[in-house]
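Peer 1: Just dropping this structure here.
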Amino acid sequence: MTKTDLADIYRDYIGCLNKQDWPNLGQFVHEAVHYNGERIGLSGYREMLEGDFRAIPDLYFDIHLLISEPPRVASRLRFDCTPKGILFGFQVNGKRVSFTENVFYEFRDERIEKVWSVIDKAAIEAQL
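Add 3 to the 1-based position in the sequence shown for my numbering, that's all there is to it.
Here it is as structure tokens:
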């Protein structure tokens, strides 16, 4: 798989998330996916994402930086959203906040098998 191929797959994955196209999530995420070192599987990963969209109805994944080095992708995602209640332990309660997530992915068989994510919680706290 080339750098371009992997970057295209990743962009399609982000498109799947933004459309909340859960039936097709398995095209991009491996059945045995790990998130921050814990095996949560595809169903756990989907539940996590569905929960994110319930908490943040206007959630949109905006790629600001993308580096592809097969079998890995590094991405900086930007969010500008209005969470309904508590977000990462902060009482946001409908206030618009902007923050970023630095996330690394490892692919196997052209699907995401491992995810390591760090969210800039300090940026959220500073806005509240």
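Note that beta-carbon positions come from the ideal geometry of N, C-alpha and C, so glycine has one too.
Tell me which same chain residues have a C-beta within less than 8 Å of the C-beta of A10, skipping the five on either side of it?
Peer 2: These residues qualify, in order along the chain: L69, S71, V76.
Peer 1: According to the Cβ coordinates, are F64 and L80 closer than 8 Å?
Peer 2: Yes, the pair counts as a contact, with Cβ atoms nearer than the cut-off.
Peer 1: Suppose you measure from the CA of E34 to the CA of Y16; what does that come to, to the nearest Å?
Peer 2: Cα to Cα, E34 sits roughly 15 Å from Y16.
Peer 1: Going by the CB atoms, is the gap between H37 and K117 shorter than 8 Å?
Peer 2: Going by C-beta atoms, K117 is nearer than 8 Å to H37.
Peer 1: At 3 residues or longer, what runs of the beta strand (DSSP E) sit wholly inside the segment 40 to 119?
Peer 2: 65 to 72, 75 to 84, 100 to 111, all fully within the segment 40 to 119.
Peer 1: In the DSSP output, what is H37 paired with across the bridge?
Peer 2: DSSP lists R42, K117 as partners of H37.
Peer 1: How far does the alpha helix (DSSP H) with Q23 in it extend, from its first residue to its last?
Peer 2: Here Q23 belongs to no alpha helix (DSSP H), and DSSP marks it neither H nor E.
Peer 1: Taking the alpha helix (DSSP H) that Q30 falls in, what are its first and last residues?
Peer 2: It is not in any alpha helix (DSSP H) - Q30 carries neither H nor E in the DSSP assignment.
Peer 1: Sorted by chain position, which residues of the same chain lie with C-beta nearer than 7 Å to I122's C-beta, five sequence neighbours on each side aside?
Peer 2: Excluding sequence neighbours, I122 sits near F91, F102, E104.
Peer 1: Straight-line CA distance for Q130 to R57?
Peer 2: Answer to the nearest angstrom: the Cα atoms are 21 Å apart.
Peer 1: On a Cα-Cα basis, can you pick out the residue from R42, C84, R49 that is closest to Q23?
Peer 2: It is R49.
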